[in-house]
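Colleague:
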Amino acid sequence: MRTSDQRIEINGGLILTSAKSLEGVEKLVECMGEILHQPDFVPSVERILPQSWVMGEDVVTLTADMLRPPIATVSEMSGAVSAVTKALSRDHVPHLLNYLHEVGSIFHFSHHSFLCDFVFPAPNFVVDLLKTLYRHDIQSLTLTALTTVEKTKTQPQDDVRLHVTDADFERMKKELTENGTVSVEFLRLVWSHFGVERQHYELLLTLLFKFDLAYPKCKNADTHRQM
Numbered sequence: 115m116r117t118s119d120q121r122i123e124i125n126g127g128l129i130l131t132s133a134k135s136l137e138g139v140e141k142l143v144e145c146m147g148e149i150l151h152q153p154d155f156v157p158s159v160e161r162i163l164p165q166s167w168v169m170g171e172d173v174v175t176l177t178a179d180m181l182r183p184p185i186a187t188v189s190e191m192s193g194a195v196s197a198v199t200k201a202l203s204r205d206h207v208p209h210l211l212n213y214l215h216e217v218g219s220i221f222h223f224s225h226h227s228f229l230c231d232f233v234f235p236a237p238n239f240v241v242d243l244l245k246t247l248y249r250h251d252i253q254s255l256t257l258t259a260l261t262t263v264e265k266t267k268t269q270p271q272d273d274v275r276l277h278v279t280d281a282d283f284e285r286m287k288k289e290l291t292e293n294g295t296v297s298v299e300f301l302r303l304v305w306s307h308f309g310v311e312r313q314h315y316e317l318l319l320t321l322l323f324k325f326d327l328a329y330p331k332c333k334n335a336d337t338h339r340q341m
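The sequence shown begins at 115 in our numbering and counts up by one.
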């Protein structure tokens, strides 16, 4: 390294750039592209992970495609993975799930007192589900649009759609858009469109709180009836 005319000159593999004139930026981008295209720059997952983990990830991905909705207990997922991947015992599957959560392939909150027992193998599904409260077309949303099957006597009696009228739905929607208050019944209506069943409601409500997307209006309320 030496100075010349108050400028630093480096004899080596460094590229000098200027944030003001952008001098050298094009050359830098070109060199970075060459580095990234080297086959050994990013190691293959198969080379840095045990083969049993690679196979286990494939099972988790396949499970996400099969489940509707894509929600499973840790016990169910551990059984599915260990049944296919003999080298990975049920006791080691939670470590795989923690890894997949860290790299963003799944949602698995192992340190949460309630969510730790569940696996969400399709993060995009969870995101789509939770953002229903913030959809841009909430004003034009109708009860009919959310009803995937017509109300008939063959539907389960706990189906919330059997007990909500269009007027009820408009009132719930107004509470959300004008007062920022949402009822569990409204969420159940929206979530039913995603195939979510009754046993998942409390789980999904916990996710809303986990991501700070909602807060219970009254902490002593039964199952957080309003948020």
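For glycine and all other residues, C-beta sits at the position ideal for the given N, C-alpha and C.
Starting from residue 149 and walking both ways along the alpha helix (DSSP H), at which residues does that stretch end?
Modeller: Along the sequence shown, one-based indexing puts residue 149 at 35. Note, residue 149: alpha helix (DSSP H), 139-150.
Colleague: Could you compute how far the alpha carbon of residue 328 sits from the alpha carbon of residue 231?
Modeller: Looking up residue 328 in the sequence shown gives position 214. Looking up residue 231 in the sequence shown gives position 117. Computed Cα separation, rounded: 22 Å.
Colleague: In the structure shown, what three-state DSSP assignment does residue 279 receive?
Modeller: Counting from one through the sequence shown, the residue named residue 279 turns up at place 165. It is coil, neither helix nor strand.
Colleague: Specify the secondary structure class of residue 232 as computed by DSSP and reduced to three states.
Modeller: Translated into the one-based positions of the sequence shown, residue 232 becomes position 118. Here residue 232 sits in strand by DSSP.
Colleague: Using C-beta distances below 8 Å, list every residue in its chain close to residue 191, excluding the 5 sequence neighbours before and after it, in chain order.
Modeller: Counting from one through the sequence shown, the residue named residue 191 turns up at place 77. 174, 177, 207, 211, 233, 235, listed in sequence order.
Colleague: Assign residue 326 to one of three DSSP states: helix, strand, or coil.
Modeller: Position 212 of the sequence shown, counted from the start, is the residue given in the question as residue 326. Looking at residue 326 - three-state DSSP - the assignment turns out to be coil, as it is neither helix nor strand.
Colleague: How far does the alpha helix (DSSP H) with residue 221 in it reach, from first residue to last?
Modeller: For this step, residue 221 is matched to residue 107 along the sequence shown. From DSSP, residue 221 is part of no alpha helix (DSSP H); its letter is neither H nor E.
Colleague: Three or more C-beta pairs closer than 8 Å, one from the segment 240-250 and one from the segment 292-307: is that the case here?
Modeller: Yes, since at least three Cβ pairs between the segment 240-250 and the segment 292-307 fall closer than 8 Å, the two stretches touch.
Colleague: In angstroms, rounded to a whole number, what distance separates the CA positions of residue 169 and residue 314?
Modeller: The count along the sequence shown starts at 1 and reaches residue 169 at position 55. The count along the sequence shown starts at 1 and reaches residue 314 at position 200. In a straight line, the C-alpha of residue 169 is about 28 Å away from that of residue 314.
Colleague: Candidates 253, 309, 224: which alpha carbon is nearest residue 288's?
Modeller: What you label residue 288 is simply residue 174 of the sequence shown in a count that begins at 1. Ranking the options by Cα distance to residue 288, first place goes to 253.
Colleague: Taking the Cβ atom as the reference point for each residue, do residue 199 and residue 227 lie within a distance shorter than 8 Å?
Modeller: To locate residue 199, count along the sequence shown from 1; it is residue 85. To locate residue 227, count along the sequence shown from 1; it is residue 113. Not in contact: residue 199 and residue 227 (Cβ atoms no closer than 8 Å).
Colleague: Run through DSSP, which three-state label would residue 187 get?
Modeller: Within the sequence shown, numbered from 1, the residue matching residue 187 stands at position 73. Strand at residue 187.
Colleague: Taking the straight line between their C-alpha atoms, what separation do you get for residue 188 and residue 204?
Modeller: Counted from its first residue, the sequence shown places residue 188 at position 74. Counted from its first residue, the sequence shown places residue 204 at position 90. Cα to Cα, residue 188 sits roughly 10 Å from residue 204.
Colleague: Using only the alpha-carbon positions, how far apart do residue 326 and residue 229 sit?
Modeller: Taking the first residue of the sequence shown as 1, we reach residue 326 at position 212. Taking the first residue of the sequence shown as 1, we reach residue 229 at position 115. Each residue's Cα considered, the two are about 15 Å apart.
Colleague: Could you check the C-alpha separation between residue 217 and residue 149 for me, to the nearest Å?
Modeller: Here residue 217 refers to the residue found at position 103 when the sequence shown is read from its first residue. Here residue 149 refers to the residue found at position 35 when the sequence shown is read from its first residue. Answer to the nearest angstrom: the Cα atoms are 23 Å apart.
Colleague: Put residue 135 into one of helix, strand or coil per three-state DSSP.
Modeller: Translated into positions along the sequence shown, residue 135 becomes position 21. Coil, per DSSP.
Colleague: Using the beta-carbon count (16 or more within 10 Å), is residue 222 buried or exposed?
Modeller: For this step, residue 222 is matched to residue 108 along the sequence shown. Residue 222 should be labelled buried.
Colleague: What separation, rounded to the nearest whole angstrom, lies between the Cα atoms of residue 140 and residue 163?
Modeller: In the sequence shown, the residue the question calls residue 140 occupies position 26. In the sequence shown, the residue the question calls residue 163 occupies position 49. Straight-line Cα distance between these residues: approximately 36 Å.
Colleague: In this structure, does DSSP put residue 128 in helix, strand or coil?
Modeller: One-based indexing of the sequence shown puts residue 128 at position 14. In the structure shown, residue 128 sits in coil (DSSP, three-state: anything other than H, G, I, E or B).
Colleague: Just the Cα atoms here: how many angstroms apart are residue 262 and residue 256?
Modeller: Locating residue 262 in the sequence shown gives position 148, where the first residue counts as 1. Locating residue 256 in the sequence shown gives position 142, where the first residue counts as 1. Low per-residue confidence applies at residue 262: pLDDT is 49, beneath 50, and the placement is therefore not dependable, though the value from the model is reported in the following sentence. Answer to the nearest angstrom: the Cα atoms are 12 Å apart.
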